[in-house]
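Each remark here refers to the structure printed beneath this line.
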């Protein structure tokens, strides 16, 4: 009976009778995410692509592990055990009736077809210095292009997000690939894929989530000049603003922009020379585009959106409206009504 290995970076099935001391190649460390770079604490390789991070080969040999990692322990909430009488809990002062202020009138949601305008762009000194260094290095170092063959090597990992299969021969091309068609989201300690949104706080559980889309394996990514890649981004809010942080290093101001209207935002970023990030968001709330800013820094881009009304947003994006088909009346009922 084949068992699933729970060592980080492995995810393969094995036979317990053939589990040698060097059967498994895995990562003994923990995942590290810093300044849009992803890697493992046990080895030095870093990447900005989440799919490449998942396909980083292990750095340690050992036996396969069939033990599932324990779930994170939730802290126990304990009470003191003392119960006070209801009268003791009442305030010991005279009560005064204070008239509450009139509630603010909600702004009617504008149409999504309003004219699109670009947000003001501010470039930090750190980004200017980083781009100057890159220009100097491009002048000093000649371009080196390596010819890549179309042959797929044995052991190559599938580049589709969430797939842990490796190429073992021509038969691997006939297998069905179960992968995530969306991109990973890390927000307020929760980890999930945008395509299926099964949220978890444990990173190992996130990595082991089975894909929600069927397709073919992707052994090699095509090089088409500009590479559209996912970027880690998160958001938070204050009383007057909603902040979106996109972790893209060395973005190019001349080719990057953020545009939108009161209820829609389009993000287009070119970074690290040839990488491209695009994201279109139907906003949950209403913003003031004229007072919103795109702040460009060396390690990330912050989009500061001014709220049009002082209210707390329940989420960043507005979920699509589900249209229910109208029920058709029976012919017999229509005849009776006539």
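Residue numbers (my numbering): -11 to 326. The beta-carbon is built from N, C-alpha and C at its ideal position, and this holds for glycine as well. Fair warning: this is a prediction, and the values are worked out from it, not measured in the lab.
Should residue i go down as buried or exposed, given a rule of 16 or more other Cβ atoms within 10 Å for buried?
i: residue 172; result: buried
i: residue 133; result: With a pLDDT of 47 at residue 133, under the threshold of 50, the modelled position of that residue is not reliable, and no figure is offered here.
i: residue 224; result: exposed
i: residue 52; result: buried
i: residue 143; result: exposed
i: residue 273; result: buried
i: residue 6; result: exposed
i: residue 271; result: buried
i: residue 124; result: exposed
i: residue 304; result: buried
i: residue 113; result: exposed
i: residue -5; result: buried
Taking 7 Å as the threshold (C-beta atoms), are residue j and residue i in contact?
i: residue 289; j: residue 234; result: yes
i: residue 264; j: residue 216; result: yes
i: residue 14; j: residue -3; result: yes
i: residue 102; j: residue 279; result: no
i: residue 281; j: residue 105; result: no
i: residue -9; j: residue 4; result: yes
i: residue 219; j: residue 200; result: no
i: residue 19; j: residue 174; result: no
i: residue 236; j: residue 259; result: yes
i: residue 35; j: residue 24; result: no
i: residue 149; j: residue 43; result: no
i: residue 198; j: residue 231; result: no
What number of angstroms, rounded off, separates the C-alpha of residue i from the C-alpha of residue j?
i: residue 298; j: residue 32; result: 46 Å
i: residue 153; j: residue 0; result: 8 Å
i: residue 147; j: residue 205; result: 8 Å
i: residue 176; j: residue 202; result: 29 Å
i: residue 301; j: residue 284; result: 24 Å
i: residue 140; j: residue 208; result: 8 Å
i: residue 118; j: residue 286; result: 7 Å
i: residue 29; j: residue 16; result: 8 Å
i: residue 329; j: residue 275; result: Beyond the ends of the chain as shown, which are -11 and 326, falls residue 329; an answer cannot be given.
i: residue 108; j: residue 121; result: 25 Å
i: residue 406; j: residue 170; result: Lying before the first or after the last residue shown, residue 406 is absent from the chain, which here runs from -11 to 326.
i: residue 11; j: residue 189; result: 30 Å
i: residue 151; j: residue 257; result: 27 Å
i: residue 56; j: residue 193; result: 10 Å
i: residue 111; j: residue 241; result: 8 Å
i: residue 179; j: residue 255; result: 22 Å
i: residue 187; j: residue 45; result: 26 Å
i: residue 115; j: residue 238; result: 6 Å
i: residue 155; j: residue 267; result: 32 Å
i: residue 47; j: residue 244; result: 37 Å
i: residue 8; j: residue 50; result: 8 Å
i: residue 168; j: residue 145; result: 15 Å
i: residue 294; j: residue 21; result: 29 Å
Run through DSSP, which three-state label would residue i get?
i: residue 193; result: helix
i: residue -10; result: strand
i: residue 37; result: coil
i: residue 132; result: Below a pLDDT of 50, predicted positions are generally treated as unreliable, and residue 132, at 48, falls in that range; the measurement from the model is reported next regardless. The answer is coil: DSSP assigns residue 132 none of H, G, I, E or B.
i: residue 121; result: helix
i: residue -1; result: coil
i: residue 25; result: strand
i: residue 179; result: strand
i: residue 110; result: strand
i: residue 185; result: coil
i: residue 49; result: strand
If we require 3 or more residues per run, which beta strand (DSSP E) segments fall completely within the region 285 to 312?
Those beta strand (DSSP E) runs which fall completely within the region 285 to 312 and span 3+ residues are 289 to 295.
Going along the chain, which unbroken runs of the alpha helix (DSSP H) with 4 or more residues stay wholly within the region 212 to 296?
For the region 212 to 296, not a single whole alpha helix (DSSP H) run of length 4 or above is found.
What are the start and end residues of each continuous beta strand (DSSP E) run of 3 or more residues lying completely inside the region 142 to 173, in chain order?
Fully enclosed beta strand (DSSP E) runs of 3 or longer: 165 to 167.
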